[in-house]
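> The sequence shown runs 28 to 160 under the numbering used here.
Quick one: structure below, then a few questions.
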Amino acid sequence: MSEFRAKEYIKSEEGEIVYRIPLQNDLWIWVYSTVTPKTGVSRNRGEDAIRTVLMYHNWKAVMKVSKTLRTENWKENLREKIKELSERVTDQICPDGHPLVRRTARTGGHFLGCSMFPDCDYIQRKSAKPKPN
């Protein structure tokens, strides 16, 4: 599995370091580290789960995966969650110009839907061929 590298980091509203990994079509993976820059330590026990979010335009949360608990194998678990989010990204765009991402239906199947859902509820039908970006 290839390594994912953060391009930069920012500070969240809660004051923790957030690493940002760029993907295609202006999609990013944000990793909320639980580490505060002032002290260099994570939050209290039970509050230090790492959150991973797929973002569009660095402001719209597209989807999240379950939190990564800081257990013995947390690094491998985090890599898997980053990989899972990165595999949701496609090179397809909706008619309004937003990226399509792989989503999971209530029935368990997968489909391509707009990253701006619920503002844009475009879903790619099997017969439709949206233009690649």
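Glycine included, every Cβ here is placed at the ideal spot set by N, Cα and C.
Everything numeric in this text was worked out from a predicted model, so none of it was measured.
1) So what does DSSP say about V45, is it helix, strand or coil?
2) Considering only residues of the segment 93-148, which uninterrupted alpha helix (DSSP H) runs meet the minimum length of 4 residues and lie entirely inside it, listed in chain order?
3) For the segment 47-54 and the segment 78-90, state whether three or more C-beta atom pairs, one from each stretch, are separated by less than 8 Å.
4) Which stretch, first to last residue, makes up the beta strand (DSSP E) that contains K26?
5) Nearest to C141 by CA position, among A132, T131, C121, N104, is which residue?
6) Please determine, among I37, R106, N104, V116, the residue with the shortest C-alpha to C-alpha distance to M90.
7) Can you list, in chain order, the residues of its chain with a C-beta nearer than 8 Å to that of A76? Leave out the 5 residues immediately preceding and following it.
8) Can you list, in chain order, the residues of its chain with a C-beta nearer than 8 Å to that of E114? Leave out the 5 residues immediately preceding and following it.
By the coordinates alone:
1) The count along the sequence shown starts at 1 and reaches residue 45 at position 18. In this structure, V45 counts as strand in the three-state DSSP scheme.
2) The segment 93-148 contains these whole alpha helix (DSSP H) runs: 101-113.
3) yes
4) No answer is possible for residue 26: it lies beyond the span of the chain, which begins at 28 and ends at 160.
5) For the purposes of this step, residue 141 is taken as residue 114 along the sequence shown, with counting starting at 1. Looking at the Cα atoms, C121 is the closest of the given residues.
6) Numbered from its first residue, the sequence shown carries residue 90 at position 63. Here the closest residue by C-alpha is V116.
7) Position 49 of the sequence shown holds residue 76. So the qualifying residues of the chain are T61, K94, T95, L96, R97.
8) Against the sequence shown, residue 114 aligns to sequence position 87. Around E114: R129.
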